[in-house]
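Down below is the structure, laid out as structure tokens.
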Amino acid sequence: MDPKKLFHDTRLDGTCVYCGAFPDTRDHVPSKVLLDEPFPLALPVVPCCKTCNNSFSFDELYIACFIECVIHGTTDPEKMSRTKIKRILNERPRLRETIEKNKKQNDQNLIWTPDKTKVNTIVVKLARGHAAYELSEPQMSDPEYIRIAPYGTLSEEELTNFENSPNQSLWPEIGSRAFVNSVVANNINFENGWNIIQDSTYRYMISHDDGICVKIVMSEYLFCEVIFS
Ligand SMILES: [Zn+2]
19 MDPKKLFHDT
29 RLDGTCVYCG
39 AFPDTRDHVP
49 SKVLLDEPFP
59 LALPVVPCCK
69 TCNNSFSFDE
79 LYIACFIECV
89 IHGTTDPEKM
99 SRTKIKRILN
109 ERPRLRETIE
119 KNKKQNDQNL
129 IWTPDKTKVN
139 TIVVKLARGH
149 AAYELSEPQM
159 SDPEYIRIAP
169 YGTLSEEELT
179 NFENSPNQSL
189 WPEIGSRAFV
199 NSVVANNINF
209 ENGWNIIQDS
219 TYRYMISHDD
229 GICVKIVMSE
239 YLFCEVIFS
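Residue numbers (the working numbering): 19 to 247.
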């Protein structure tokens, strides 16, 4: 029997995982704007309310486009390698303008200053979604710790610590996705503790340390760590 059916978990079925309200819709974690087509077949989905879903849409577009602009050193849609981002920047000149305002030329270097509120909001939202999906434990309270670091700002040691999985000591609760992942040996998207949603585009890892720790890497550029106590 399929272990995913055998251990189906219903604890989240009646709650928006972001605010606790009645869930009148569902949300992909990560949102599809952070991924390229073709999408993975089994994209994680969590219950959520329409208010939460709508409130995140623009900030998700912003962060997806901002990362791609920084990687390519420009807001010129034609220079983007992700075709989706090329299209969004072409269709939304005001979004492009907003990102352009975040860019400053300083001597030889381009300095990009993201809208921290938008970035924080989305990273915490993604962490909440992953924690809820994997562990069936919605995290409604504010995180105890957030670190969002672009590639190149982490030391070699920090990067090694970030990549390593402390999951050896994790005994996932029976029925949770983490439990199912640990018993489904042929899950090809599960590698060294990382859930590879899409190669080079999006991966995340969940661990229990002194709290629930969610690590996310977007476009192999933005390294995020969120801890809920
Ligand atoms: Zn909600």
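Quick reminder that beta carbons are idealized off the backbone N, C-alpha and C, glycines included.
Short of 7 Å in beta carbon distance, which residues of its chain neighbour residue i, apart from the five on each side in sequence? Order them along the chain.
i    : result
Y36  : C66, C70, K143 and R146
D77  : K136, T139 and I140
E118 : T93
R100 : D54 and E86
Using the Cα positions of residue i and residue j, report the straight-line distance between them to the nearest angstrom.
i    : j    : result
A82  : M223 : 20 Å
N207 : I103 : 25 Å
E96  : G32  : 44 Å
N138 : T131 : 13 Å
E181 : N124 : 32 Å
P168 : R112 : 24 Å
L52  : E115 : 20 Å
S49  : E175 : 30 Å
P41  : N127 : 46 Å
F84  : G170 : 17 Å
E155 : H148 : 10 Å
V64  : T43  : 9 Å
Taking buried to mean at least 16 other C-beta atoms within 10 Å of its own C-beta, is residue i buried or exposed?
i    : result
I106 : buried
Q292 : This structure does not reach residue 292, given that the chain is present from 19 up to 247, and the question cannot be answered.
N213 : buried
F74  : buried
K233 : buried
A60  : exposed
P276 : This structure cannot speak to residue 276, because the chain is shown only from 19 to 247.
E86  : buried
Beta-carbon within less than 6 Å of residue i's beta-carbon, same chain only, minus the 5 sequence neighbours each way: which residues are those?
i    : result
A39  : C67
L177 : none
C231 : S225 and I245
Under the assumption that residue i contacts residue j (Cβ atoms under 8 Å), give the Cβ distance between them as a whole number of angstroms.
i    : j    : result
D45  : Q216 : Not quite, the Cβ-Cβ distance comes to about 17 Å (not below 8 Å), so this is no contact.
I164 : V244 : 5 Å
S237 : I89  : 6 Å
F241 : L172 : 6 Å
P58  : Y151 : That belief does not hold up - the Cβ atoms of P58 and Y151 are roughly 14 Å apart, past 8 Å.
S247 : N210 : At roughly 26 Å, the Cβ-Cβ gap does not stay under 8 Å, so S247 and N210 are not in contact.
D133 : Y220 : The pair is not a contact, with the Cβ atoms about 21 Å apart (cut-off 8 Å).
Keeping to the same chain, check which residues put their C-beta closer than 8 Å to that of residue i; ignore five residues upstream and five downstream.
i    : result
Y239 : I85, V88, I89, P168 and Y169
> Which residues are close to ligand 1, meaning CB closer than 5 Å to any heavy atom, in chain order?
Replying inline: C34, Y36, C37, A39, C67 and C70
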